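First up is the structure itself, then whatever we jot down about it.
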Amino acid sequence: MTMLAAAPDAGRGADTGDGQRRLKVSIAGGSGYVGGELLRLLLAHPRVEVAQVTSRRLAGRFVHQAHPNLRRQTMLQFVPPEALEPCDLLFVSMPHGEGLKLAETLFALAPRVIDLSADHRLRQAGDYPLWYGWEHPAPRRLESFVYGLPELHRAEIAGAMHVSGTGCMAAAAIIGLWPLFRHGLVENDPVVIEGKFGSSAGGADPSPAGHHPERASVIRTYEPVGHRHTAEIAQELGAAAAATGAPASFPPKVHLTATAVDAVRGLQCCCHVFLKDPALEERDIWRVYREAYGREPFIRLVKERHGAHRYPDPKVMAGSNYCDVGFACDPHSRRLVVIAALDNLMKGAAGNGVQSMNVMMGWPEVEGLTFAGLHPC
Ligand SMILES: NC(=O)c1ccc[n+]([C@@H]2O[C@H](COP(=O)([O-])OP(=O)(O)OC[C@H]3O[C@@H](n4cnc5c(N)ncnc54)[C@H](OP(=O)(O)O)[C@@H]3O)[C@@H](O)[C@H]2O)c1
Numbered sequence: 007m008t009m010l011a012a013a014p015d016a017g018r019g020a021d022t023g024d025g026q027r028r029l030k031v032s033i034a035g036g037s038g039y040v041g042g043e044l045l046r047l048l049l050a051h052p053r054v055e056v057a058q059v060t061s062r063r064l065a066g067r068f069v070h071q072a073h074p075n076l077r078r079q080t081m082l083q084f085v086p087p088e089a090l091e092p093c094d095l096l097f098v099s100m101p102h103g104e105g106l107k108l109a110e111t112l113f114a115l116a117p118r119v120i121d122l123s124a125d126h127r128l129r130q131a132g133d134y135p136l137w138y139g140w141e142h143p144a145p146r147r148l149e150s151f152v153y154g155l156p157e158l159h160r161a162e163i164a165g166a167m168h169v170s171g172t173g174c175m176a177a178a179a180i181i182g183l184w185p186l187f188r189h190g191l192v193e194n195d196p197v198v199i200e201g202k203f204g205s206s207a208g209g210a211d212p213s214p215a216g217h218h219p220e221r222a223s224v225i226r227t228y229e230p231v232g233h234r235h236t237a238e239i240a241q242e243l244g245a246a247a248a249a250t251g252a253p254a255s256f257p258p259k260v261h262l263t264a265t266a267v268d269a270v271r272g273l274q275c276c277c278h279v280f281l282k283d284p285a286l287e288e289r290d291i292w293r294v295y296r297e298a299y300g301r302e303p304f305i306r307l308v309k310e311r312h313g314a315h316r317y318p319d320p321k322v323m324a325g326s327n328y329c330d331v332g333f334a335c336d337p338h339s340r341r342l343v344v345i346a347a348l349d350n351l352m353k354g355a356a357g358n359g360v361q362s363m364n365v366m367m368g369w370p371e372v373e374g375l376t377f378a379g380l381h382p383c
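Be aware that the sequence shown starts at 7, since it is given in this note's numbering, and climbs by one per residue.
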């Protein structure tokens with residue numbers, strides 16, 4: 007199967023113009039929604055050359071046939087997965103479980119792998135049968151992976167060859183709650199998270215539930231209990247709590263409910279937690295968030311007194327790599343409501359993956375990701 011290198015109109019050479027060789031990056035599973043966003047970001051990235059991108063269904067076709075927004079951005083054509091050649095870094099954006107079936111081949115292709123599926127997110131192999139219904143076929147490989155949230159694991163990502171992605175809802179919930187758990191400010195039980203997500207979170211494969219007359223206008227609770235992202239959220243918040251000296255035998259009891267809403271992109275997690283110290287005030291909570299995220303390039307604190315945009319709303323983040331976080335203290339109880347929102351395909355998947363790549367490579371973390379979302383859209 008032949009493949010064109012970068013498009014003439016993309017103006018890409020093998021070096022960056024200052025004598026540095028571009029990183030040769032390929033994508034396994036490039037015809038899906040996350041693959042499309044990876045392409046949009048990587049084609050514009052100043053230090054990257056997109057080498058190959060796979061699709062079984064569209065092998066031999068131009069990538070703009072799956073991603074019409076990329077017309078004139080590249081003349082790359084999809085190749086089938088078996089035509090992948092060695093590269094410097096491989097992104098895997100295949101459905102969970104499917105990449106594992108090809109793992110021996112995929113991992114032999116590149117020294118660096120960023121797997122955006124769920125296949126390498128959980129540290130304990132025993133969590134896979136519990137949450138995914140299958141035994142992990144390569145539990146030893148889990149040890150080589152770092153959970154790919156730079157805000158929590160920047161130093162480990164910088165030294166890693168293998169980085170996972172995050173669940174999109176998990177990313178929002180973890181970013182929203184992590185500063186509180188890191189300081190042991192909230193009870194471990196209950197941690198109640200209401201996640202609302204748009205249709206692109208389900209991927210590009212059509213399904214009866216995603217058919218437009220069925221999906222449009224919904225407020226459809228999809229998983230009231232048992233959502234798989236629960237495992238990642240408990241894993242990461244549990245590690246933060248354990249670092250404060252909390253017993254590892256009492257990890258946070260995360261209760262996640264996922265509801266499909268009438269949007270294409272974006273998700274919001276509304277998290278209900280309970281302060282240990284009733285004397286804590288809003289300004290104390292502000293201080294905690296500012297200390298945790300004040301210097302983070304992609305996390306914005308959003309809490310306004312007036313106007314339409316008082317708390318995080320994914321609508322204003324479409325296409326950007328931001329995660330917005332806000333909160334409110336219930337004056338009648340110890341309940342603290344934390345609201346976190348992001349674009350599921352960006353900070354929830356591809357954008358966060360590119361941010362991890364930048365960290366891994368020792369490049370400026372924001373490179374190729376500095377744009378704002380669209381407003382209005
Ligand atoms: N969508 C989100 O918001 C989101 C957020 C965070 C993480 N993720 C994760 O990212 C991954 C990709 O998600 P997505 O939404 O982009 O899914 P998608 O739209 O369904 O795309 C899946 C991609 O994998 C390829 N593929 C499927 N089965 C394959 C197989 N057996 N062998 C080789 N290639 C195969 C598909 O192409 P062909 O069928 O043409 O080969 C397609 O390119 C998933 O693991 C998902 O859980 C998604």
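Yeah, the Cβ is synthetic: ideal placement off N, Cα and C, and Gly gets one too. For clarity, every value in this text was computed on a predicted model and none was experimentally measured.
Here the distance from the Cβ of residue 61 to the nearest heavy atom of ligand 1 is below 7 angstroms.
Residue pairing by DSSP places residue 187 in no beta bridge whatsoever. Note on geometry: alpha-carbon atoms of residue 219 and residue 272 lie some 20 angstroms from one another.
In the assembly as shown, residue 238 is a buried residue. Its beta-carbon has 16 or more other beta-carbons within 10 Å. Using a Cβ-Cβ distance cut-off of 8 angstroms, the stretch 367–376 and the stretch 50–58 are in contact, since at least three pairs of beta carbons, one from each stretch, lie closer than that value.
With a minimum length of 4 residues, the unbroken runs of alpha helix (DSSP H) contained wholly in the stretch 256–315 fall at 288–299.
Secondary-structure assignment with DSSP links residue 383 through no beta bridge to anything. Beta-bridge partners assigned by DSSP to residue 88: none are found. Ranked by Cα distance from residue 223, the first of 133, 163, 266 and 348 is 266. Note: residue 121 is bridge-paired with 98 and 170 in the DSSP secondary-structure output. The C-beta distance from residue 206 to residue 221 rounds to 11 angstroms, too long to fall under 8 angstroms, and the pair is not in contact.
DSSP places residue 138 outside any alpha helix (DSSP H), giving it a letter other than H or E. Bounds of the beta strand (DSSP E) holding residue 229 are 225–229. For residue 203, the enclosing beta strand (DSSP E) starts and ends at 197–203. For residue 30, the uninterrupted beta strand (DSSP E) run begins and ends at 29–34, by DSSP. Residue range 156–164 is occupied by the alpha helix (DSSP H) that includes residue 158.
When the Cα atoms are used, residue 84 and residue 105 turn out to be separated by approximately 17 angstroms. Of the candidates 187, 280 and 135, the residue whose Cα lies closest to the Cα of residue 257 is 187.
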